[in-house]
Structures are given as structure tokens and as C-alpha cells.
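One line per chain: the protein sequences are A and B, in this order. Converting from the first sequence to the numbering used here requires adding 826 to each position, the first position being numbered 1. Converting from the second sequence to the numbering used here requires adding 826 to each position, the first position being numbered 1. In this text, a Cβ means the ideal position worked out from N, Cα and C, and glycines have one as well. The structure under discussion appears below in the form of C-alpha cells.
Protein chains: 2
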Amino acid sequence: MTRFVQSEMHPQRWGSPDAASDLPASARGLIEMAFGLDERPASPAVSVPAPRIAEGLLEGLRELVGDEHVVTDDEVRRLRTRGKSTPDLLRARAGDLDDAPDVVVRPDCHEQVAAVLAFAVEHHLAVVPFGGGTSVTGGLVAQREGFAAVVSLDLVRMKRLLAVDQVSMTAVLEPGLRGPEAESLLAEAGLTLGHYPQSFEYATIGGFAATRSSGQSSAGYGRFDALVVGLRVATPRGELVLGSAPANAAGPDLRQLVLGSEGAFGVITSVTVRVRRRPAESLYEGWHWPSFDAGADAMRTLAQTGLLPTVLRLSDEAETAINLARPDEIGGESAGGCLMIVGYEGEPAANAAKRAAVTAVLEGLGGRCLGEEPGRAWAHGRFHAPYLRDSLLDVGVLVETLETATFWSNRERLYTDVKTALESALGEGTLVLCHVSHVYETGCSLYFTVAAKESADPLPQWQAAKAAASDAMVAAGATITHHHAVGTDHRPWLTQEIGELGASILRAVKADLDPTGILNPGVLVP
Amino acid sequence: MTRFVQSEMHPQRWGSPDAASDLPASARGLIEMAFGLDERPASPAVSVPAPRIAEGLLEGLRELVGDEHVVTDDEVRRLRTRGKSTPDLLRARAGDLDDAPDVVVRPDCHEQVAAVLAFAVEHHLAVVPFGGGTSVTGGLVAQREGFAAVVSLDLVRMKRLLAVDQVSMTAVLEPGLRGPEAESLLAEAGLTLGHYPQSFEYATIGGFAATRSSGQSSAGYGRFDALVVGLRVATPRGELVLGSAPANAAGPDLRQLVLGSEGAFGVITSVTVRVRRRPAESLYEGWHWPSFDAGADAMRTLAQTGLLPTVLRLSDEAETAINLARPDEIGGESAGGCLMIVGYEGEPAANAAKRAAVTAVLEGLGGRCLGEEPGRAWAHGRFHAPYLRDSLLDVGVLVETLETATFWSNRERLYTDVKTALESALGEGTLVLCHVSHVYETGCSLYFTVAAKESADPLPQWQAAKAAASDAMVAAGATITHHHAVGTDHRPWLTQEIGELGASILRAVKADLDPTGILNPGVLVP
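Put into C-alpha cells, the structure is as follows:
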């Protein structure tokens, strides 16, 4: 079973302090060799600005959701400040929590969300929907100018499993459920969502939908947007209820306009998802490939012959060498080449049949099975990488991730261009690692991890590298984000991707649903 | 190989006169018994109204696309009048072609489409994009009031295969390609789209995209919207180019706003689709089920265990009895119960493996394999039903189809309610047949065929029945259309399905892309 995490995250670090750990000795040696160790003093316990909101407004909000659910305590507001990108952490470590909300409001149901939005329209309050707080693209950084105050609309009380349909295999979930909480409730009915992004332990159902999240088992279960068959949304102009059938021809699919809307069009108050029976057996194995290209071609073959396992993930030579797929053994032995993780979840007979077919394809293409040990190591450490980032930041190593996707024939170019852009921007000694973790018949994602020695001013250092990588993605005709979403950080590149007219459509929908622009101002919409 | 059809369709009948046939003797007997035979005199060769468009406008259009591609001939305009719903045919048979366009304009490329749209904005011409003319929901019936004239924008010259990517397994197709034409071009590269709706021989790539078409092999290849990875669209406000990756998190998926937009937001000028290798083997077999419920439950089991064949189709008891799944043998022998067609297309080894697994499931659930003969009969007649409708209209039998979709747990209710609504509206002796031909993990489509004795005034007779069936769908929480689209006929029910706010979003997008409302006025947007 997965850990059931309830604690909130400090703005300077990822996750629960209990789960954090020091760098393994092996990793420490490697880091020292690559970057030198530059122990940073513990970051000061920074304070948030005092709430800038009139007492009358607080009083009005209390009438809507109850006194105890309108909170202005510093600690509560601190824990709702920004998200978890490296720039977010760097700002917090430097003592800057200027983006803290003025008040945290916790509605209990759709009607209370709707009431808060109506109140916010009336008094021109900016509203930032808050789920797990795991955004890595600045999705929680509200634009303050022109608003009476900034409200963090915390969905923490909306954690119900509203309905289960065992015939249709659907479930209706509230947005505030974190990954493990949703899985735990579904497990009581013998079901699973099968959605395991790296942020699984903290991120929420509403956030998965609002950002088009994709999980580590996407090959088997599908992206989160593919799991959604229905949505209920509260907007400043009223309610939107979508999902009359699994698919239809009743005009454009408006569900796909809410998915990825990042709180800028409305607040998702329930999500109807496709569910599956809980797998009776889960097994993950490692495969060795002589090169990243050979492994990626094998993934393509599996996708295009309809033989996808549940988990399919390939590290490039650099990531394999540093063993990042196995965080417990960073810097340990590596056999060279590229490591692929192949996982099967389901009934034993179906797993065995799929595994036999996949194994035949992979062996035919030059792969070598390494058995289940590397698979177990990956499964054990699969949610741990963000903790590692904290440990590296502690010793002066700048670490961040970024990701994109493209069609198969463009994969090599995209890989080379983004890697080159990052290395050029950050200079000698920069480490760029990459893996493919989401595949489609027509293409795949590329997920990069970057490490470099921190300069005296790491924020602009990273921002320049990020801009160079983003430019390279757009120039290659790829997407600015496969599953991290747009937020504020990717917004400058979105118009290049969808065009001026695409941006105009987003503005038109925003103006229709949120005419006064109170919802997550500055996020997503160009 | 499929027939390669080039001829255009007369407004009173479906398809090519060469392919039409008289009622088989067996069917004739059955029809006589059920409804009586009421031979109708051959419909008069009706004339279209004279073109109502100023010569100066024609001159301007000629400058954009060339003299020979601006056509006002009666015959050409007659063949672009309305679509192929039974009401469309009844109106044409009654001599009413009042909805004829004033001029048919044939652009050759994206730039010419864009130029025609700019001209139409300037002179306030209504523009009706025209592909195969197979709409059965009034999608080609432009609202004339307030416009200087109605232009049929015929995409017949845009029939190129623009690009093939054998690595990514994608192809870029122009919108005017009919089904067989697209397949023929792709076949030269060893590829297939695998999209076979009943209108396959006439309908076009642009139409498939604009209406979210679904084909008879949707279980294996997916709905058309699932095949689309990219789109280029000409709108009055400029160009829209979408599709930077198979999937992404770069905000809402705007492709899904163009898919299903029915020419009301823009004109699709190219579509990038996922393609597959041409199957080495195709085989279709029949299965017998004791009841519709038993067969539908078996389909659900296949969908929910990830064991879908390429074709999966189940007729209810009535449709099985009348043998509509085998149009050549209407009224022939039937074994009772329900007929299911199960088809496999692919490599022989993969087909054999899939077939073994599917067979085990179906046998375990009480199905009985009838061998390949019923499958061959279905495949032979799969595009023939619309011809049969013409033959029945000729003898005074009103025939029409309608379709919907819902989640599995709502299937029985929806089936009963729609059937009851149709029988109540049309009175004793009405024949209502049904099949399931598109399945998903969470639900399925229901496709109804209705036959009744024509009253003296068949148009209002059918409209009342259609309204009753549509009300029943909406009341059951199902969709107003699974794959026929909205057009003008379903528009009154669309707002009930997507809500007032959903309708508002469609209007906002329409206003943004087509501010003067020239594109397919009256279609889709509530």
C-alpha cells in the first residue's frame, strides 16, 4: 500500500519532513566530484506578509463557509504560498514569500464554492484554487494588482467519493482528494484509478484534471484526461455539468476545454472518472538497451503494435549511468547502455500473456531482460526524486526538471536540441538526464532532469536555462509541456504553440465564464 | 477493395444510381405484410430556385478561385442541396429544393479557402462547407435571412495526401478526400485509416472531423476524433494550426473544439491523422446470443477487460429477426435471439491470439459462434442500408435512423425509453430495430432504425417521432447524438445536454472566430 500522507508542505521543501532523507553517501561522493559541495546554511524560517484584506470581506466569507474555514494565520497562508518548482523553492529559501494569499477559504461543497465565487466577483477578489500545492509551473502564483485581496480557495474539505458505478466502471470523486486518499476510498470497492504521477502522494483529483496530469502507469491506464468522462464546474457565471456519454458527436467536446483549464475558467467540484478493478498482481522488470535510440524504437514498436504494458519507461545513457531511476542507489553500479522499466498490472493470466508477447518483441529488437530487481528498486523510489532535489539544493546544486512531447520522427531532434540548449545556457559541468515515460502510437514525452552548480544568483541562472530549453521546444515544433501544465512559467510560450488565434479562443472562453477575471489571474490564458 | 465512388448524389436518393437496387422479393413480401405496399409515383425532377446573388459578387469569387470554379448551374446547385436525412429526402421528393445554395465555389487550397472567407465576411455571404453531402442532421441547411447569398464551399478539389510519416505513423490529408479515396492513397504507402462509417463511400475527411464521425471498426481503430492528432483550419479571423504532440498539458485541447464544430467555427483545410499498417487479414464472424442484454453484457466485458476485436456489433431481437444486419437477405431465415458480428483485422498471428482470447470470453458468457458466413454477409452489405431506405420510401414506408450513447448502467433504460417514445409517436405497426455498434469501457452507443407506414404528410409525422425520441434521450441523461452530429435537427436539444453555460461557451467561441456569423449559420451553435 502507498503511504497515506496528510501533512502539508513547507514552501522551502517537498513533502513530509519524516520522509526526507540525507543524501546517500554514494551520491554525496558523486556530487562532490561533479559540482563540489557547497553546504548552504539552513534557510531562515521566513515570514509571510500580513494579510491585506478588509475585515468586512473576511466577515462576508465567514458567512458563506463558516468561521473556522476562513483562515488568515501566517502558518496556514505560508503553506499555501506558490508551488514546488525550483524557482518557487529558491524564492522561499531566500526568504521571499511575497506571493502568499491574504486568506485561505475552505468550502465544503459545490454550492459553497459557487457562493465564494459570487462573493469574489462582487468584491473583486482574486481566487486561486488550491489542491495539493504541487504545481511546478507557477500555477498558484496569483497576480495581485487590481484585486481587493488574494483568496486561496483550499479544496481540502471536499474529499468525498460521491458515487461508484460498478457496471459502467466509473466513480465520482471530489477535487480535494489526494492520490492516496482517492485510491484508498476506491480500494474499498475493489477499484483503482491507476494514476501515479511523481506528485501522487500530495496532488489532488481536481489538480490532475485541471492540469492534464499524466502518471507513471500512463501506458496502461491512460493520461488523466483520458480517464475523465464527466465534470462538474463552478464558474462565476454558473454551473457547468458535462459528460452525457463516454463519447459523442454533440458538438465540440467541452470536457476537453475544462481539462487543462488550470483554475482559470472555473473550479472543478467533481470529476467522474473511469476506474478499473484493482490489479491482483503487479510486477516491474528492468531491460537493458545498448542505446537510448534502440530503446525508444522498441517503445515505439510496442505502442504501434498495440502491445503496451502498464508501465514503460526508458532512461537515456546519462540517467542510466547516474542511476536516477533508482534513487536509493545514486552513484552505484551501472552496466552502461540504457535502463528500461517495464511493468505489468492486472490478473496474473493476462499479465503473463502480455509479458510473453512484450518479451518476444523486446528480445527481437535487441533488449536484454535484467529481471525484477531493477523494477522493484524503481517502484520503491518512484515518488522520491523531489526529496533528492531538496538535498541537492542544500549543498548548492541547482536541480530542476522539465518535459515536452513530440511525434516519434521528431524525437531525436527534440532530445538533442533541448539538451544542447540547457548545456549551453548553464555551461560546462552541467548534467542533463532524460527519460521517456509516456508513449503513444504517434509519439512520446521527453522528461529532462538538469543539475548544475548554483551560481551566486541561482534564480536568473535557472530562468535563462529554462527559457533556452523552452525556445528549443517551440522551435522543434514540440509542446511546451506534456504533463506539467502552463501556469505562469510556460505562458510566454503558449501563444507560439497554439498561435495567436488559439490564444484568442482561450481569452474568449475566459471572458465568457469569468468576465471579471477573478479566477487564477495571470495563469494559463495568454 | 472498396468501390471507388465519384458520382454525386441526387437530392432525392442516396448514392450512385448504379448501386441502387430494387427491394429483394423476400423483403417485398415482408414489407407488404407489415405495412402494405403503397407504390409512390416517381418523384418529379424538381428544379432549384434561381440563384439569388449579384453578378458583382460572382465576379469577385471568380477572381479568387478561377472562373470555372464558381458555378451557378442548376444541376450543380441541386446536388449541393441539403443532406441525406429522411426529412431531406422527403422534401426533395415533394419538389422542395428551396434551400439550394446560390453558388457553388470550389477552392483549391487553404489560401483560397481563406480568401473566400475574407470575401464572404466583406460581403456578408453565408458559407456552407460541403464535403460528401451525407449529413443526416440538417448540417447543410444554411439560414438564408440577412445574408447577401448562400455559398456552398465545395472542397472537392482538395483531395491531396499532403504527407506521410512512416515513423510516427501519421498522414496529412486534405478535407475533400472521400473515404475510399483516402484509403486508396494511403494504401499506396501500405497504410490504412480504418474509418468505415456507413457513409464511407461518399463522406469526406473534413466531414469526419467536423462531425466526430465513428466507423464500423471503431472498436479496433477508434472514433475519428481519436484518430486526429493535428488540424489546420481557415477562419474569418485567420488560421488555426493545432497539434504539437500526440497529447500535452498545454492548456485545454483546442483540437477537441474544432472536432465537432460542423463548419460553424472554421473550415478544416487539412487533418493529420494516426494511421495503421494495412491489415494482412480481415475476418468477421457471427455470434448468437439468447438476448440483447446477454450480448450487450458480453460487449461490456470485452471492453472492460481490454479485449476488443476490430469490429463489434450486436443487433437486438427485432433487428436480428428482420435480418437487417444482412441487407441482402432481409426477411430471410433467422435463428431467433440476437446476432453479434465480431471482426478481426491485422496480422494473422495477432488476429489468432485476439480471437482465441475473445472466443474464450464469449463462450464463457453463453455466446455461440456461427462461423464466418454471417460475418461475410455483414461485410458485403455494410454500406447498403441507405439504398434500402430509398426503396422503402418508394413503396410508402417511412424509414429513418437515429442514435445515442450512454454509460453501461443506463443502457437498458435508454433502449426502452427511446423505443417506447418512437412506438408511441408513430402508432401501432411501427417497427423499431436497434443495434450497439460502438463500445467503450464505460458505455456504448445505441443505433435505432425505425419503419412505419407513411401518413399523408410524412414530414410532420417523422418530426413528431424524432422529437419524442430526442426528449427521451435527454430525459435519460444520454447524448442527443453519438456520431451523427448536431446540425440544425439536434440543435434544440443540445442546450439541454450541455447546459446554458455550455451553449454560452459555443457562442463565445463562434463570436471570436466568426464575428459576423457567416459560417454555416443556424448549424450547431444554440
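First through last residue of the beta strand (DSSP E) which encompasses residue i
i, result
"Lys-1180 (chain B)", "Premise fails: Lys-1180 (chain B) lies in the alpha helix (DSSP H), 1174-1190, not in any beta strand (DSSP E)."
"Val-977 (chain B)", "976-980"
"Glu-1226 (chain A)", "1223-1233"
"Arg-1194 (chain A)", "1194-1197"
"Trp-1115 (chain B)", "1107-1115"
N-terminal and C-terminal residue of the alpha helix (DSSP H) that residue i is part of
i, result
"Leu-1257 (chain A)", "Counting along the chain, Leu-1257 (chain A) falls outside any alpha helix (DSSP H), though it belongs to the beta strand (DSSP E) covering 1257-1262."
"Ile-1331 (chain A)", "1317-1339"
"Pro-1212 (chain A)", "1211-1220"
"Asp-1119 (chain A)", "1118-1130"
"Asp-1051 (chain B)", "1050-1053"
"Pro-1286 (chain A)", "1284-1301"
Test item: CB-CB of residue i and residue j under 8 Å
i, j, result
"Ser-911 (chain A)", "Asp-1315 (chain A)", "yes"
"Val-1084 (chain B)", "Gly-1092 (chain B)", "yes"
"Gly-909 (chain B)", "Leu-966 (chain B)", "yes"
"Cys-1270 (chain B)", "Ala-1231 (chain B)", "yes"
"Asn-1236 (chain A)", "Gly-1303 (chain A)", "yes"
"Ser-1040 (chain A)", "Phe-1026 (chain A)", "no"
"Thr-898 (chain B)", "Val-939 (chain B)", "no"
"Gln-838 (chain A)", "Leu-905 (chain A)", "no"
"Thr-1030 (chain A)", "Leu-981 (chain A)", "yes"
"Glu-1007 (chain A)", "Ala-1129 (chain A)", "no"
"Arg-1317 (chain A)", "Pro-1352 (chain A)", "yes"
"Ala-1122 (chain B)", "Leu-1188 (chain B)", "no"
Nearest residue (CA-CA) to residue i, options the options
i, options, result
"Met-984 (chain B)", "B:Gly-958, B:Thr-1342, B:Thr-960 and B:Cys-935", "B:Cys-935"
"Arg-1239 (chain B)", "B:Met-1299, B:Glu-1065, B:Ala-1015 and B:Leu-1257", "B:Met-1299"
"Tyr-1110 (chain A)", "A:Ser-1043, A:Glu-1065, A:Thr-1146 and A:Ala-1090", "A:Ser-1043"
"Asn-1346 (chain B)", "B:Lys-1279, B:Val-947, B:Val-953 and B:Glu-834", "B:Val-953"
"Thr-1227 (chain A)", "A:Val-1276, A:Asp-1243 and A:His-1021", "A:Val-1276"
"Ala-1178 (chain B)", "B:Glu-937, B:Asp-1340, B:Ala-1124 and B:Thr-1136", "B:Thr-1136"
"Ser-873 (chain B)", "B:Ala-1035, B:His-950, B:Leu-987 and B:Thr-907", "B:Thr-907"
"Val-1055 (chain B)", "B:Leu-1068, B:Phe-1274 and B:Thr-1307", "B:Leu-1068"
"Gly-1162 (chain B)", "B:Tyr-1170, B:Gly-1086, B:Ile-1148 and B:Ala-1251", "B:Ile-1148"
"Gly-1089 (chain A)", "A:His-895, A:Pro-955, A:Glu-948 and A:Gly-1169", "A:Pro-955"
"Leu-951 (chain A)", "A:Gly-1121, A:Ala-1282, A:Phe-973 and A:Thr-1127", "A:Phe-973"
"Glu-1199 (chain B)", "B:Ile-1331, B:His-1114 and B:Glu-834", "B:His-1114"
"Thr-1037 (chain A)", "B:Tyr-1022, B:Arg-1038, B:Gly-1064 and B:Ala-1075", "B:Ala-1075"
"Arg-1100 (chain A)", "A:Val-947, A:Ala-871, A:Ala-1035 and A:Asp-1283", "A:Ala-1035"
Closer than 8 Å to chain B by CB, residue i
i, result
"Asp-1315 (chain A)", "no"
"Glu-1323 (chain A)", "yes"
"Asp-1079 (chain A)", "yes"
"Gln-938 (chain A)", "no"
"Glu-1065 (chain A)", "yes"
"Thr-1342 (chain A)", "no"
"Ala-1211 (chain A)", "no"
"Cys-1331 (chain A)", "Note that residue 1331 (chain A) is Ile in the sequence shown, not Cys. Yes, because at least one Cβ of chain B sits closer than 8 Å to the Cβ of Ile-1331 (chain A)."
"Val-1335 (chain A)", "yes"
"Val-977 (chain A)", "no"
"Thr-1037 (chain A)", "yes"
Cutoff 8 Å: residue i Cβ touching any chain A Cβ
i, result
"Thr-1268 (chain B)", "yes"
"Gly-1328 (chain B)", "yes"
"Trp-1234 (chain B)", "yes"
"Val-1312 (chain B)", "yes"
"Pro-1072 (chain B)", "yes"
"His-836 (chain B)", "no"
"Leu-1350 (chain B)", "yes"
"Ser-873 (chain B)", "no"
"Asp-1338 (chain B)", "yes"
"Leu-943 (chain B)", "no"
Heavy atom of the ligand ADP within 7 Å of residue i beta-carbon
i, result
"Thr-1018 (chain A)", "With respect to small molecules bound, the structure shown includes none, and the ligand ADP cannot be examined in it."
> Which residues, in order along the stretch 979-995 of chain A, keep a beta-carbon less than 7 Å from a beta-carbon of chain B?
Replying inline: Asp-991, Val-993, Ser-994 and Met-995
> Going along the stretch 1291-1309 of chain A in order, which residues come within less than 8 Å of chain B, judged by CB to CB distance?
Replying inline: Gly-1303, Ala-1304, Thr-1305, Ile-1306, Thr-1307, His-1308 and His-1309
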